[in-house]
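Numbering (this note's numbering), first residue to last: 32 to 362.
Here a beta-carbon is modelled for each residue, glycine too, at the ideal position from N, C-alpha and C.
Bear in mind the structure is a predicted one, so any value in this text is a computation, not a measurement.
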Amino acid sequence: MDISIALSDNHYTRPITQGRVHPQGARFLPTSVHPSEMFWRQLKYADFDVSEMSLSSLFIASSKGDRRWVALPIYTSRTFFHTWILIRNDRGIHGPSDLKGKRVGVPEYQQTAALWSRGILQHEFGVLAKDITWFMERGPEKSHGGSTGFKPPEGVVLNRIDSKTNIGEMLVSGELDATLLYLNTKNLVDRSQIDVLGHPNIEPLFKDPFSETTRFYRKTGLFPINHTVVMRRELYERHPWLALNIYHAFVEAKRQADEDAKEAIQSMMETGAIQLGQGVESHLWQDQAKKYGMKESKAVLQTIARYIHEQGLSPEPIAIEDIFAPSTLEL
């Protein structure tokens, strides 16, 4: 059985996109796609049998009755996105609370990185979404929200950025004071292209992101999940055994990726390119980052589900057990 699969190009998915790993009883036909484009194509056209998926857009779509997808507890992207906020340093922004009353860009209001950042701004720093004037880059025709019926939540001021400009240009020109996230890798969905960090008036909100991620993780125990993996519901219903076989294929891909990394580090040490300990830091959240499955991640999934409802993007609280394949709930 051939299964089309779309994945972004990252360390842990590469053994699959390179054709080295397949699930038992099936063969992957892999395509590498930028996440912004991949999620838009899946939500709008359902191009692939299996793919990475924006966690927030999946939850939002499911809460509104879109049941085309079954999720698997595989997490291909995790990071502390609130530390990616960029600001203009000439607008009196010295900390998160100074974002109140400011004009802030966001590629897409409902994307997972934005959900996490707004939730953390609210619960850690007392900054509500309604305290900010938002400017969104993606239009309805090429946004995830265009397929999930997105409407700005009540009380939130959201402006659509004109198609002739983008977040990068507006940040450089001073039309924006900050951006929650900046995406300038070329794809069919995002329009920004400028390397804004080369501009003297633009810098990260958190000057020491490692200290902030350490503080946040020690306090909450949460390592935010950005992407999960989905399969067509009709495929799952015809072949329910595929869910676990695909899950185990991703676990094997992760194992191979870790072996590849070890070999690369060993080779660089032998040639003197790096020395032991150089550039290989041990993070508090490192073990959690390596784990797939539901049990280890349930608190994180429940938190993002709560943020989605709190922020007015789902009509009812989301039950994660209704979204993931039943056979994976005890993993």
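DSSP bridge partner residues for residue i (one or two, in chain order)
i      : result
Glu283 : Answer is none; Glu283 lacks a bridge partner.
Ile192 : Bridge partners of Ile192: none, in fact.
Arg109 : Ile256
Val135 : Trp165, Ala209
Ser63  : Leu38
Phe355 : Ala102
Met84  : Thr259
Asp129 : DSSP, once it has assigned bridges, lists no residue as partnering Asp129.
Where residue i falls, given that 16 or more other Cβ within 10 Å makes a residue buried
i      : result
Leu362 : buried
Gln309 : Residue placement at Gln309 is poorly supported in this model, since its pLDDT is 41, which falls under 50; the coordinates still yield a value, given next. Classification of Gln309: exposed, given that the 10 Å Cβ count is below 16.
Lys250 : exposed
Arg98  : exposed
Leu344 : buried
Glu243 : buried
Pro357 : exposed
Trp272 : exposed
Option in the options with minimal Cα separation from residue i
i      : options                        : result
Leu211 : Thr164, Gly186, Glu243         : Thr164
Ala274 : His42, Val81, Leu74            : Val81
Met32  : Gly50, Ala57, Leu89            : Ala57
Ser87  : Leu207, Pro54, His279, Gly150  : Gly150
Lys173 : Thr44, Pro66, Ala160           : Pro66
Ile47  : Val101, Leu202, Ala280, Ser223 : Ala280
Phe112 : Phe241, Ala102, Asp40, Arg45   : Phe241
Glu347 : Asp162, Ile91, Lys195, Gly177  : Ile91
Glu200 : Val188, Lys75, Ser178, Phe166  : Phe166
Trp115 : Arg45, Val187, Leu214, Ser328  : Leu214
Glu234 : Gly126, Leu146, Gly252         : Gly126
Ile256 : Gln73, Ala145, Arg134          : Ala145
Ile198 : Gln333, Arg134, Leu38          : Arg134
Val64  : His53, Lys161, Val52, Asp78    : Asp78
Gly157 : Trp147, Lys131, Val137, Gln142 : Lys131
Glu290 : Arg45, Ser35, Ile34            : Arg45
First through last residue of the beta strand (DSSP E) which encompasses residue i
i      : result
Gly259 : Note that residue 259 is Thr in the sequence shown here, rather than Gly. Per DSSP, Thr259 belongs to the beta strand (DSSP E) from 256 to 263.
Pro46  : Counting along the chain, Pro46 falls outside any beta strand (DSSP E), though it belongs to the alpha helix (DSSP H) covering 45 to 48.
Ile118 : 117 to 119
Glu234 : 233 to 235
Span of the alpha helix (DSSP H), counted from its first residue to its last, around residue i
i      : result
Thr143 : 143 to 156
Met69  : 66 to 76
Ser223 : Careful: Ser223 lies outside any alpha helix (DSSP H) and carries neither H nor E.
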